[in-house]
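Protein sequences, first through last, are from chains A and B. Here this note's numbering is used: position 85 in the first sequence is 1250, and no number is missing along the way. Here this note's numbering is used: position 467 in the second sequence is 511, and no number is missing along the way. Every residue, glycine too, gets a C-beta built ideally from N, C-alpha and C.
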Amino acid sequence: MTGVPIEHGLLLATLLFSLGLLGVLVRRNIIFVLMSMEIMFNAVGLAFITGGSRWMQADGQIMFMLVLTLAAAEVAVGLALVLQLYKRFKTLDLDVLSKLKG
Amino acid sequence: MLNLLWLVPTLPLVGFVLLVFGSLPRKLAACVGVGSIGLAAALTLLIGLQLLSLPSDEQLFRQMLWAWFSVAELNVNFTLYLDPLSLVMMSIITGIGFLIHLYSVGYMADDVAFNRFFAYMNLFVAAMLLLVLGDNLVVLYLGWEGVGLCSYLLIGFWYDNPANGYAARKAFIVTRIGDTSMALGLFLLVMHLETLDIQAITQQANALWLPGSWLPVLAAALLLGGALGKSAQLPLQTWLPDAMAGPTPISALIHAATMVTAGVYLIARMHELFLLAPQVMVVIAVIGAATLLISGFTALTQTDIKRILAFSTMSQLGYMFLALGVGAWSAAIFHLMTHAFFKALLFLAAGAVIISLHHEQNIFKMGGLRKRLPLSFWCFMIGGLALTALPLTSGYYSKHEILLATASFENGGMWLWLAGVAGALITGIYTFRLIFIVFFGEQQGAAQESFGMVIRLPLVVLCVLSVLGGWIPLPFGEIFPALHFDHGSSLVNWLTTLVPFVGIGIAYLCFYKNNALLESLSKARSGQLLRRFWFSGWGFDWFYELFFITPFMCLIAINKNDVVDSFYSLLASLARVLHRLLSFTQTGRVRWYAAVIVLGVVSFVGVGVMR
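Have a look at this one:
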């Protein structure tokens, strides 16, 4: 049982997470932001699975299932919102959609 | 029958409640307003007859209604106390009160606020009855403040005119100064005697305090402050002339017959305490003498018929205080009673003149009204004669008694007597100046007497009382220490009797015969100045305006935005600044929020790892 060492798995997960985060922070198009968030979810999922395989526990994979479901639900709601936003404002630029301020 | 004592103040109170909360039609309101006082008067008569049928050393009755409150050592019960003194006061209040209520039905007939007027009047009578029936000083104080409130409400009865509102506030605030002093007096009594029961105070004070020591002197002086405010004596007298802004029946009931005599009643009721403070007694006598002279001179120059009577009331109250000061308690109450008769008569007659002339109050716009208004004329004549204390009228007996008692007072009695006699002379002059100007001379103004029975009857009854009231024997057997005064040397006696005639003579010469001397005097510069000085009431209003009201208004202007408030408004503005800062971070940019969250998480995790 010589699998991928945990360090590699976690490193990859961190890398993916940072990439996703960077996307969320720098992208202005809301669809790209949502996609970047998907990457962050999957990075987290990868970290769970890596952990699960390291300690031979099924919990990691179960958590990944939950994260996947959550991501699906989030995307369903998110895309619906995106559609509505586009209908109303004819734009998907997040910096333009900044009416909600104090 | 004595057990029905509680009903006497309750009846007017019920009348008040009915008039306030039941929107009664005018006729019914009049029935309720007058009827409640009439019933109270009838009940007073029955109770009085029963009380006086008891042997003289058992003539007191105490009725405890409920325990009011009890704090530490102090137990205060709501108790009524009836003895001959409160009986006399109660009879005056309900009797004269009934007549004046009856008169008001006619006088106020055209007023829109008819019900409100009778509601206030009934409340006043209830409060005044509590004042004189209170067994302890707390109940007395309740009534005391109650009558003050009603006085305020009724002076400002015609509140459309801002001047009336000002007069009402002035009366309320000036008497409040006195009341504060009285409240302090009550606190002092509670602190040192641990009771507010009048009889207990009397006993304890006599047992614990030496005559002339500082405690009784202080207590008596503080109570005196309350009495001075209520009874419009120097230096708190300035409110009474302005109080004439109210309807005339109010002036008759509250500001002549009853409320203003509350101070006299208080001192007479607490006379044992005042006997322990001889210094205060002298002060009372001097204040009384000064007030009677000052207001007498002021009355000489007034032109408003009601203001003349108001200053005359102050002057007569001065006589009562003089009597109290020299220890002639029963004489003071006697004068209180006769004064209630003839001054109520004078005010009601003045009211009759005023409505006959369509609310004209300036005496120089009247004249020769003798033929036109015969009833008012005769009422004024009888009331004026009683006021000047001509022999055989009621005023003669009471004032004579006061002056004789004053003359035999040890500490400077002769000087006080001289002031009193000079006051009697001035009383004669100003009373008959009023009568000669209004009722004699050239006819001015078209007036017609068209009064109903409700106005005529009280006037006639009060005329009879003003003449015969001097023969009513006051049943003060045991209440007041007997006053031993010799009946004066014949000179004192004769002077006291004759001086009013001289006053009337002077008035006759000056105001009936158109004396040239008076003309030239009033033309001269010094005469003008003196007239102006007297007219303004010896400049007291000016003095208070300059030294109290103006500085106070300045302070108010400075402190317009309350100093204490500024701390809290500082807190509010601080919160507002913080709010601005926080809301500044709400940019509406989602990416900005996300970045801040990341920064926060990274820094927290960083701090966690570093540790």
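Around residue 163 of chain B, the same chain offers 60, 63 and 64 as residues with beta carbons nearer than 6 Å, after the five sequence neighbours per side are excluded. Between the alpha carbons of residue 56 of chain B and residue 380 of chain B lies a gap of roughly 23 Å. When only Cα atoms are considered, residue 1178 of chain A and residue 616 of chain B end up about 50 Å apart.
Rounded to the nearest angstrom, the gap between the Cα atoms of residue 71 of chain B and residue 77 of chain B is 10 Å. Residue 106 of chain B sits in a strand when the DSSP states are folded into three classes. Counting the other Cβ atoms within 10 Å of the Cβ of residue 609 of chain B gives fewer than 16, which makes it exposed. Within the DSSP bridge table, the entry for residue 125 of chain B names B:106 as partners.
The beta carbon of residue 1252 of chain A sits no closer than 7 Å to any beta carbon of chain B. Taking a beta-carbon distance threshold of 7 Å, residue 1189 of chain A counts as an interface residue toward chain B. By the C-beta criterion, the segment 91–100 of chain B is judged not to be in contact with the segment 1232–1252 of chain A, since fewer than 3 inter-stretch pairs fall below 8 Å. Under DSSP, residue 111 of chain B takes part in a beta bridge, and its partners are B:121. Contact between residue 282 of chain B and residue 588 of chain B holds, since their C-beta atoms are separated by about 6 Å, short of 8 Å. The continuous alpha helix (DSSP H) containing residue 576 of chain B extends over residues 569–579. When secondary structure is reduced to three states using DSSP, residue 464 of chain B falls in the helix class. Residue 1223 of chain A: not part of any alpha helix (DSSP H); DSSP gives it neither H nor E. In the displayed model, residue 208 of chain B falls within a helix according to three-state DSSP. Listed by position along chain B, the residues whose Cβ is nearer than 7 Å to that of residue 1258 of chain A form an empty set, because the closest Cβ is around 11 Å away. For residue 157 of chain B, there is no enclosing alpha helix (DSSP H), since its DSSP letter is neither H nor E. Within the same chain, Cβ atoms closer than 7 Å to the Cβ of residue 1236 of chain A are found at 1203 and 1206, the five residues on either side in sequence being excluded.
From the listed residues A:1223, A:1232, A:1195 and A:1181, the smallest Cα separation to residue 1247 of chain A is found for A:1195.
Residue 1255 of chain A has a beta carbon lying at 7 Å or more from every beta carbon in chain B.
In the DSSP assignment, residue 537 of chain B falls within the unbroken alpha helix (DSSP H) covering 534–551. A distance of 7 Å or more separates the beta carbons of residue 470 of chain B and residue 571 of chain B. With distances taken between CA atoms, residue 318 of chain B lies nearest to B:365 out of B:365, B:644, B:378 and B:153. In its chain, beyond the 5 residues on either side, 192, 195, 273, 274, 280 and 283 have a beta carbon closer than 8 Å to the beta carbon of residue 219 of chain B. Contact check for residue 233 of chain B and residue 245 of chain B: beta-carbon distance about 6 Å, within the 8 Å limit, so the pair qualifies.
The C-alpha of residue 115 of chain B is placed about 45 Å away from the C-alpha of residue 337 of chain B.
Close partners of residue 642 of chain B in chain A (Cβ separation under 9 Å): 1186, 1189 and 1190.
Using beta-carbon distances, residue 1183 of chain A does not count as an interface residue toward chain B, since no partner is under 7 Å. Collapsing the DSSP output to three states places residue 241 of chain B in a strand. Secondary-structure assignment with DSSP links residue 348 of chain B through a beta bridge to B:406. With respect to the 7 Å criterion, residue 173 of chain B and residue 136 of chain B are not classified as neighbours on the basis of their beta carbons. For residue 191 of chain B, no CB of chain A lies under 7 Å from its own CB, so it is not counted at the interface with that chain. By the neighbour-count criterion, in which a residue is buried when 16 or more other Cβ atoms sit within 10 angstroms of its Cβ, residue 285 of chain B is buried.
In the three-state reduction of the DSSP assignment, residue 250 of chain B falls in the helix class. For residue 190 of chain B, the enclosing alpha helix (DSSP H) begins and ends at 181–199.
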